[in-house]
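**Q**
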Amino acid sequence: MTHSKEQQLAELKRHFGRRVMDQARLVINAWQSLDDVLWNPAWHAEFVQHCAKLHKLAGRYESERVQGPIGRLVGLLEQTEGRKPPSSNVIEQISDNIRLLADGCSRRNDDHDGSLTIAGRKPVYICFEDTAQATSLAEQLNFFGIPAQVISDQKDLDRAMHHRLPAALIVGVEFDGDGVAAVKTVQANLTKPAPVFFQSLEEPDIHLRLAATRANGVYFQEGQLDIGLLVKHLSNIYNFRSEKPFRVLVVDDSKAQAMSVERTLNGAGMVTQAVTEPMTVLSVMQTFQPDAVLMDMYMPGCTGIELAQVIRQQQRYDTVPIVYLSAEQDLDKQMDAMGQGGDDFLTKPAAKEVLITTVRNRCLRNRGLKDQMIRDSLTGLLDHINTLGALNEAIQAAREQHQPLCFAMIDIDHFKDVNDTYGHAVGDRVIRSLALYLRQRFRMSDSIGRYGGEEFALVLPDTTIDIAEQLLNEVCHGFSQIQHEAGGEMIHVSFSAGVASMYSDQEDASTLSRAADEALYVAKRNGRARVCVYGRDD
1 MTHSKEQQLA ELKRHFGRRV MDQARLVINA WQSLDDVLWN PAWHAEFVQH CAKLHKLAGR
61 YESERVQGPI GRLVGLLEQT EGRKPPSSNV IEQISDNIRL LADGCSRRND DHDGSLTIAG
121 RKPVYICFED TAQATSLAEQ LNFFGIPAQV ISDQKDLDRA MHHRLPAALI VGVEFDGDGV
181 AAVKTVQANL TKPAPVFFQS LEEPDIHLRL AATRANGVYF QEGQLDIGLL VKHLSNIYNF
241 RSEKPFRVLV VDDSKAQAMS VERTLNGAGM VTQAVTEPMT VLSVMQTFQP DAVLMDMYMP
301 GCTGIELAQV IRQQQRYDTV PIVYLSAEQD LDKQMDAMGQ GGDDFLTKPA AKEVLITTVR
361 NRCLRNRGLK DQMIRDSLTG LLDHINTLGA LNEAIQAARE QHQPLCFAMI DIDHFKDVND
421 TYGHAVGDRV IRSLALYLRQ RFRMSDSIGR YGGEEFALVL PDTTIDIAEQ LLNEVCHGFS
481 QIQHEAGGEM IHVSFSAGVA SMYSDQEDAS TLSRAADEAL YVAKRNGRAR VCVYGRDD
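When you line the sequence shown up against the working numbering, it's residues 1 to 538, in that order.
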């Protein structure tokens, strides 16, 4: 085969790869939109269509990481209809496969080129008076997997908005004379304006801040842009990771009432379990592990208030919100119930939107509290203890499923010099930036932790040592290109990494972490800013 033929085939493969990623994002975005639109015939038809198209594309492209989950999704959707939501079991299976699909899209393999990690994402438009500054920012965002396009003036912005709506706009207030006015003009007739991140080199007054807010400004930074904070906000907009569905326990002695509530919550993509025998609640909670409990006040055998107090006696359920759903109209009794173990009170019959919003907000808060208990406060990554816990769980799963597993340790190079030269605030910013970068570059099924100080750890299930080395080399190179603001100047920081693979059932967390640590030591000894594999590099 001639060289040009090989190039043509490679380009064709990349083209199909991009189409697969684009379509996969449509599937994932459609599932995530269920929060807002609820299960209905129009949404269902569109979701089925997106899945069928992806199934066809994945078959042509022979994308193994996509073919499995999308094939199962198509099969599951054949069991559903648009007029009513499926059971909790089906919702959970759909959600599991959506997460596998998201993992497949966020982990590139040997056949992909790096651009596929951001293919299909709407771009961010950067509108600065200083085009050199805009170009530099675009390059930095691309390192984080965020596609960005530099806009030169108002006419260029009009053309870009007409061609494709962005995920967000980053706008300097001085852009083309008046950045706020420019953005307000182009978004005036949009049904859903894009969020805008404004920047001002000087401190803005309240009039400018108010004008920015009215132009759909969601973030306003004065002075030098903090790339880390900007990426954090933009990551929330893209939100390509698919979280597990909320789990809600419905406690009501009326089976008909419980089923009605379940249907409503299932329609919003939540997983439910109904309990009509109050005395079985504790055993069900132990197996179901709910994010929230929805409970009637008046039931045979015990009242909802008594049951809430029994639940609160157990420390492990301290953070689980209890929402009363009852026909009780007496405000004093409602307040009394909330003062004795309850968190909220809804009066039957509650409007669907009120019920869904209340339960969702309570579930979000509960998960947030749980996250705070297991995560490092500076980075939001798993703390040391829970990183080791994740490693132990991954080792057990790898043994049971006969899959490869890798563990990596990362250490920021010359971090003490960064702290001594620029101060601990800059050091913290570098740590947060690396944490964000790792979260952007690895899958949801990969566990990322802050091991301590400037040291990080990665648990990579179903990953061979060659793929782990390749991924870490890419991340190592990419992070070294990122600029960090430090007292008015921009600096570059690198890291070293050591990675080890589990080769036998006899290996445990201690063995694997010690091997990765030894490989990290070799990387440091050999000059830093590199990745070393245990047993291969010395």
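Quick reminder that beta carbons are idealized off the backbone N, C-alpha and C, glycines included.
1) Alpha carbon to alpha carbon, what distance is there between V493 and E485?
2) Should the region 183-200 be regarded as contacting the region 154-169, the criterion being three or more beta carbon pairs within less than 8 Å?
3) Give me, in chain order, the residues of the same chain whose beta-carbon lies closer than 8 Å to that of V27; leave out the 5 immediate sequence neighbours on both sides.
4) So, are the CB atoms of M270 and F246 less than 8 Å apart?
5) Does the beta-carbon distance from L472 to A523 come in below 8 Å?
6) From A212 to R441, what distance separates their C-alpha atoms?
7) So who's on the other strand from A274, going by DSSP bridges?
8) Could you tell me whether the region 248-264 touches the region 223-236, where touching means 3 or more Cβ pairs closer than 8 Å?
9) For G452, I'd like the list of residues in its chain whose CB is within less than 7 Å of its CB, leaving aside the five on either flank, ordered along the chain.
10) Does the region 414-428 come into contact with the region 352-361, if we say contact requires no fewer than three beta-carbon pairs (one atom in each stretch) closer than 8 Å?
11) Please state if the CB of M285 and the CB of Y317 are separated by a distance shorter than 8 Å.
12) State yes or no: is the C-beta of Q396 within less than 8 Å of the C-beta of Q140?
13) Roughly how many whole angstroms lie between the Cα atoms of G172 and E129?
14) Runs of 4 residues minimum, wholly inside the region 172-231: which ones carry the alpha helix (DSSP H) assignment?
15) Can you give the Cα-Cα distance for D508 and D330, rounded to whole angstroms?
16) Reducing DSSP to helix, strand and coil, say where Q314 ends up.
17) Have a look at T287 and I94 and give me their C-alpha separation to the nearest angstrom.
18) Are there 16 or more other CB atoms within 10 angstroms of the CB of P41, so buried, or fewer, so exposed?
19) Which whole-angstrom value describes the C-beta separation of Q340 and Q309, a residue pair presumed to lie in contact below a C-beta threshold of 8 Å?
20) Does T357 pass the burial test, meaning 16 or more other C-beta atoms within 10 Å, or should it be called exposed?
21) Scan the region 304-382 and note each continuous beta strand (DSSP E) run of 3 residues or more that stays entirely inside, going in chain order.
22) Using beta-carbon positions only, say whether D446 and V459 come within less than 8 Å of one another.
23) Could you spell out the range, first to last residue, of the alpha helix (DSSP H) harbouring E139?
24) Would you decide whether L378 is buried or exposed? Buried here means 16 or more other CB atoms lie within 10 Å of its CB.
25) Which full runs of the alpha helix (DSSP H) of 4+ residues lie inside the region 421-469, going along the chain?
**A** So, to answer that:
1) Position 485 of the sequence shown, counted from the first residue, corresponds to residue 485. Position 493 of the sequence shown, counted from the first residue, corresponds to residue 493. Answer to the nearest angstrom: the Cα atoms are 11 Å apart.
2) Here the region 183-200 makes contact with the region 154-169; the two share three or more CB pairs at distances below 8 Å.
3) Taking the sequence shown and counting its residues from 1, the one referred to as residue 27 is at position 27. Within the same chain, Cβ atoms closer than 8 Å to the Cβ of V27 are found at F47, H50, C51, L54, I70, L73, I98 and L101, the five residues on either side in sequence being excluded.
4) The residue labelled residue 270 in the question sits at position 270 within the sequence shown. The residue labelled residue 246 in the question sits at position 246 within the sequence shown. Yes, they are a contact pair.
5) For the purposes of this step, residue 472 is identified with residue 472 of the sequence shown, where counting begins at 1. For the purposes of this step, residue 523 is identified with residue 523 of the sequence shown, where counting begins at 1. No, the Cβ-Cβ distance between L472 and A523 is not below 8 Å.
6) Reading the sequence shown from its first residue, position 212 is the one you call residue 212. Reading the sequence shown from its first residue, position 441 is the one you call residue 441. Those two C-alpha atoms are separated by around 32 Å.
7) Residue 274 sits at position 274 when you count from the first residue of the sequence shown. When DSSP reads this structure, A274 sits in a beta bridge with V250.
8) Result no; under three Cβ-Cβ pairs closer than 8 Å.
9) The count along the sequence shown starts at 1 and reaches residue 452 at position 452. Closer than 7 Å at the Cβ level, and outside the excluded window around G452, lie H384.
10) They do not touch, by the three-pair rule.
11) In the sequence shown, the residue the question calls residue 317 occupies position 317. In the sequence shown, the residue the question calls residue 285 occupies position 285. Contact: yes.
12) Reading the sequence shown from its first residue, position 396 is the one you call residue 396. Reading the sequence shown from its first residue, position 140 is the one you call residue 140. No, the pair does not count as a contact, with Cβ atoms beyond the cut-off.
13) What you label residue 172 is simply residue 172 of the sequence shown in a count that begins at 1. What you label residue 129 is simply residue 129 of the sequence shown in a count that begins at 1. Cα-Cα distance, rounded: 7 Å.
14) Unbroken alpha helix (DSSP H) runs of no fewer than 4 residues, entirely contained in the region 172-231, are found at 179-187 and 206-214, following chain order.
15) The residue labelled residue 508 in the question sits at position 508 within the sequence shown. The residue labelled residue 330 in the question sits at position 330 within the sequence shown. Counting only the Cα atoms, D330 lies some 58 Å from D508.
16) Residue mapping note: residue 314 aligns to position 314 of the sequence shown, counting from 1. In the displayed model, Q314 falls within coil according to three-state DSSP, outside both helix and strand.
17) As a first step, residue 287 must be located in the sequence shown, where it is residue number 287. As a first step, residue 94 must be located in the sequence shown, where it is residue number 94. Rounded to the nearest angstrom, the two C-alpha atoms are 21 Å apart.
18) Working through the sequence shown from its first residue, we reach residue 41 at position 41. The residue is exposed, with fewer than 16 neighbouring Cβ atoms inside 10 Å.
19) Looking up residue 340 in the sequence shown gives position 340. Looking up residue 309 in the sequence shown gives position 309. For Q340 against Q309, the beta-carbon gap comes to about 6 Å, under 8 Å, which counts as contact.
20) Looking up residue 357 in the sequence shown gives position 357. With fewer than 16 other Cβ atoms from the protein chains shown falling within 10 Å of its own Cβ, T357 counts as exposed.
21) Counting only runs of 3 or more, we get 322-326 and 344-347.
22) In the sequence shown, the residue the question calls residue 446 occupies position 446. In the sequence shown, the residue the question calls residue 459 occupies position 459. When the beta-carbon positions are compared, D446 and V459 come within less than 8 Å of each other.
23) Walking along the sequence shown from the start, residue 139 turns up at place 139. Run containing E139: T131 to F143, per the alpha helix (DSSP H) assignment.
24) For this step, residue 378 is matched to residue 378 along the sequence shown. By the neighbour-count criterion, in which 16 or more other beta carbons inside 10 Å mark a residue as buried, L378 falls on the exposed side.
25) Within the region 421-469, the complete alpha helix (DSSP H) runs of at least 4 residues are 424-441.
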